[in-house]
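Residue numbers (our numbering): 1 to 185.
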Amino acid sequence: RNRGDSAIYKGMLQKNGVKVYSVTQNIPDDNTGVIIESVFEGMAEYYSLDLAEKVTRGMEENAMKGKCNGGYRTYGYNIVNEHYEINENEAIVVKQVFDMYANGRTNKDILEHINSKGYRTPQGREFTHEFLYRMLRNKKYIGLLCWNGIEFADGIEPIIEQRTFDKAQKRLDENSNTGARANAI
Numbered sequence: 001r002n003r004g005d006s007a008i009y010k011g012m013l014q015k016n017g018v019k020v021y022s023v024t025q026n027i028p029d030d031n032t033g034v035i036i037e038s039v040f041e042g043m044a045e046y047y048s049l050d051l052a053e054k055v056t057r058g059m060e061e062n063a064m065k066g067k068c069n070g071g072y073r074t075y076g077y078n079i080v081n082e083h084y085e086i087n088e089n090e091a092i093v094v095k096q097v098f099d100m101y102a103n104g105r106t107n108k109d110i111l112e113h114i115n116s117k118g119y120r121t122p123q124g125r126e127f128t129h130e131f132l133y134r135m136l137r138n139k140k141y142i143g144l145l146c147w148n149g150i151e152f153a154d155g156i157e158p159i160i161e162q163r164t165f166d167k168a169q170k171r172l173d174e175n176s177n178t179g180a181r182a183n184a185i
């Protein structure tokens, strides 16, 4: 549904002796076919762009209402009728992770503790460094729903207090800067 791509691919096919026919649209083989085909391609591209705009607007409205726009389920929340609801069992783990990290425990210690207790990600896997990092950076835990670069406050019920989240963010930032300095030396 992109006129530029259509021209490129049709040109490639014509170079190789392939003729393109439309099953759904009656396009004549004479000179008027060029104009009719261009109109159909333009309408298809317009439809695609218009649909993308409507989907984007709908997803933004969902985020403003605290609704889930799809993707993996965030650990600590269940999706009920398109809305985030706290999963009390997982919320305990989320709080433990943030408290442990904010109070100086290492990622390795946290992972060993959580995995030894048998806790698993929503996909049923053990927690990893990457999963832990994404969890610690996730603003949903303080009630911010982020979508397309926009943050919606009070979109969902927070699990973590702002103070604890900020303390964890500060430590994450310090640790990432320390690693960069160590690599530069």
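The C-beta atom is built at its ideal place from N, Cα and C for all residues, glycine as well. The structure displayed is predicted, hence computed values, not measured ones.
Item, Value
"Member of Ile27, Ala44 and Pro28 whose CA lies at the smallest distance from the CA of Arg3", "Ala44"
"Helix, strand or coil at Val97 according to DSSP, with G and I counted as helix", "helix"
"Contained alpha helix (DSSP H) runs [length at least 4] in the region 77 to 164, N- to C-terminal order", "88 to 102, 107 to 116 and 129 to 137"
"Which of helix, strand or coil DSSP assigns to Ile27", "coil"
"Residues sharing a beta bridge with Ile67, DSSP", "This sequence places Lys at residue 67; Ile is not what is there. Note: Lys67 sits in a beta bridge opposite His83."
"Leu13 to Lys117 span [Cα, whole Å]", "59 angstroms"
"Check whether Gly155 and Ala91 have beta carbons under 8 angstroms apart", "no"
"Rounded straight-line distance, which links the Cα of Lys167 to that of Asn78", "26 angstroms"
"Helix, strand or coil at Gly58 according to DSSP, with G and I counted as helix", "helix"
"Neighbourhood of Asn69 by C-beta, 7 angstroms cutoff - its chain only, sequence neighbours within 5 removed", "Met59, Asn62, Ala63 and Trp147"
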